[in-house]
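Undergrad: I am attaching a structure below and will ask some questions about it afterwards.
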Amino acid sequence: MYKNGLTYGKCTAIVLLTHIIMLLAILLRGKYDTPQDILPLAVAVIGLDLTYSIVLRFLYRQMTYTLDFVLLLLINISVMFQSCFGGVGFAAKHYVTCIVALAVCQVGFLLTRNHVWIQSKKIVLYILLGVLILSILLLTGSRSMWINIGPISIQPSEFMKPVFVLICATSIREQHEKKKILFFYVSKEMMILTGAFIVIVGLQWWCRDLGSLPTFAAAYGCALACRLCYPKAKFSKKTIIGISAIAAILVALALRFAPGYVQNRLSVDIWNQMEGDGYQQCKALIAIAEGGLFGKGPGCGSLYKVFASDTDIVFSTICEEWGFLVALLSILILMAMMLLPMINKPRSYFHTTMILGCVAVLIVQMGLNIFGSCNLIPFTGVTIPFISQGGSSMITSGFLAGMLKAGQSPVFKKPEPKKKKARARKAVAAA
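432 is the number that the working numbering gives the last residue of the sequence shown; the numbers go up by one with no jumps.
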């Protein structure tokens, strides 16, 4: 934050030092043939650090760069993780998607920092959501969530997440007139938002992609909470009790009538089916245990042979090669990036709702992946933002980070010179 003691130069130095230490760890403990194998990775990481820092320094004049540096720190840590699975190399594809994510972060920031402008585009957001839904229904094939264009696979449902968060924020920006329906007073905006959420739930259910449902539900839940807690609005205990009861009933019905494969995941005993439905989770837990606190060494693990080792169970793969402490540190960095926007008081209720929605999506997605890897919940097929492999997920996460940045630093101005402040104080004293 501005005046937090961490100057621009200090932030750059911290990021560079962290990445250099990790590169040294790869050099000393990694699995490679010759030291030259590490050179492409080192050049790419340090080069991106310096280039992005220079771009930030001269591209924007903003109150804080903190979130940008935390994101850069996390992005290049991810590049090093992905480049070492099964042997030290260079994950060029992941590196490119990381650069795209950094660029998309700035795009998301520029598009969402002005709440008045984005509010005027509410209809466009609903149209964009409809286009994404239609693309899933018409272009992905039979009950699929992926569009395959040659060697490229696109997941439109990922792009729905920031769009839905923005719809939530624009719908809750201001208080609206309410109409009584049955026992509840609801606004027209909230009814439209609820309708959009129901359509998304139906689409995810039909496409058998229930793993992403909690992220949309979390964003909608935050929007609902912001509506109930709107400043100067009447706080109704009856409404909260009613909504809680409806939510509990819906969760019970979802568990009762969930598809067969979901029921199997909920009831499977992984240790009795180590070669069947429990194969991935067994391997993931064994890898975490074998890695211990400090890991086997970058590239020295064996979990990379298991399907989705760099996506769905990436947390276990990191634990095996780098150790639980490094895996935990990377998660703490991600959480710090999500918590930073909550330090500054948002300029508008739109930014408050937007920040909460983004954090809800990211933290639920992260939790589903980690808890699935640790067998605390069934596998959901979602990724850890900025760490797992995946172009659609990386781009979406970058845009969400830009939205967080917009909420953290919506006002652009230079600090007042000390002399000007002193003259102002003297004028006040004289008056």
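Each residue gets a CB set at the ideal place from its N, CA and C atoms; glycine is no exception.
#1: Determine contact between the stretch 328-341 and the stretch 115-134, defined as no fewer than three beta-carbon pairs at a distance below 8 angstroms.
#2: Can you grab the Cα-Cα spacing for the pair residue 284 / residue 273, in whole Å?
#3: Tell me, please, whether the stretch 376-388 touches the stretch 356-366 by the rule of three or more beta-carbon pairs shorter than 8 angstroms.
#4: Within a Cβ cutoff of 7 angstroms, which residues of the same chain sit near residue 144, ignoring the five residues on either side of it in sequence?
#5: For the beta strand (DSSP E) holding residue 149, just list the boundary residues, first then last.
#6: If I'm right that residue 39 touches residue 89 with Cβ under 8 angstroms, what's the distance once you round it to whole angstroms?
#7: According to the neighbour-count rule (16 or more other Cβ atoms, all chains shown, within 10 Å of its Cβ), is residue 505 buried or exposed?
#8: Give me the Cα-Cα distance between residue 349 and residue 11, rounded to the nearest whole angstrom.
#9: Give, in chain order, every unbroken run of the alpha helix (DSSP H) that is at least 4 residues long and sits entirely within the stretch 112-167.
#10: Let me make sure I understand the geometry here. Which of 133, 290, 96, 54 has the alpha-carbon closest to that of residue 41?
#11: Enumerate in chain order the residues of its own chain whose CB-to-CB distance from residue 71 is below 8 angstroms, with the five nearest sequence positions on each side excluded.
#12: Distance, Cα to Cα, residue 444 vs residue 150?
#13: Answer with buried or exposed for residue 93, where buried requires no fewer than 16 other C-beta atoms within 10 angstroms of its C-beta.
#14: Starting from the Cα of residue 224, find the closest Cα among 250, 167, 211, 189 and give me that residue.
#15: Please report the residue range of the alpha helix (DSSP H) in which residue 281 lies.
#16: Determine the burial state of residue 107: buried for a count of at least 16 other Cβ atoms within 10 Å of its Cβ, exposed for fewer.
#17: On the criterion of 16 or more Cβ atoms from any shown chain inside 10 Å, does residue 227 qualify as buried, or is it exposed?
TA: Taking the geometry as given:
#1: The stretch 115-134 and the stretch 328-341 do not touch, with fewer than three beta-carbon pairs separated by less than 8 angstroms.
#2: The C-alpha of residue 273 is placed about 13 angstroms away from the C-alpha of residue 284.
#3: The stretch 376-388 vs the stretch 356-366: in contact.
#4: 207, 208, 209, listed in sequence order.
#5: Residue 149 -> beta strand (DSSP E) spans 148-150.
#6: With 8 angstroms as the limit, residue 39 and residue 89 qualify as a contact, their Cβ atoms being about 6 angstroms apart.
#7: As displayed, the chain neither begins before 2 nor continues past 432, which places residue 505 out of reach and without an answer.
#8: Just so you know, the alpha carbons of residue 349 and residue 11 end up roughly 31 angstroms apart.
#9: Runs found: 116-120, 123-140.
#10: Measuring from the Cα of residue 41, the nearest candidate turns out to be 96.
#11: Answer for residue 71: 334, 337, 338, 341, listed in chain order.
#12: Since the displayed the chain opens at 2 and closes at 432, residue 444 lies outside it and no answer follows.
#13: Around the beta carbon of residue 93, a 10 Å sphere encloses fewer than 16 other beta carbons of the protein chains shown; the residue is thus reported as exposed.
#14: The residue with the shortest Cα to Cα distance from residue 224 is 167.
#15: Note, residue 281: alpha helix (DSSP H), 280-292.
#16: Buried, since its Cβ has 16 or more Cβ neighbours within 10 Å.
#17: Buried, by the Cβ-count rule.
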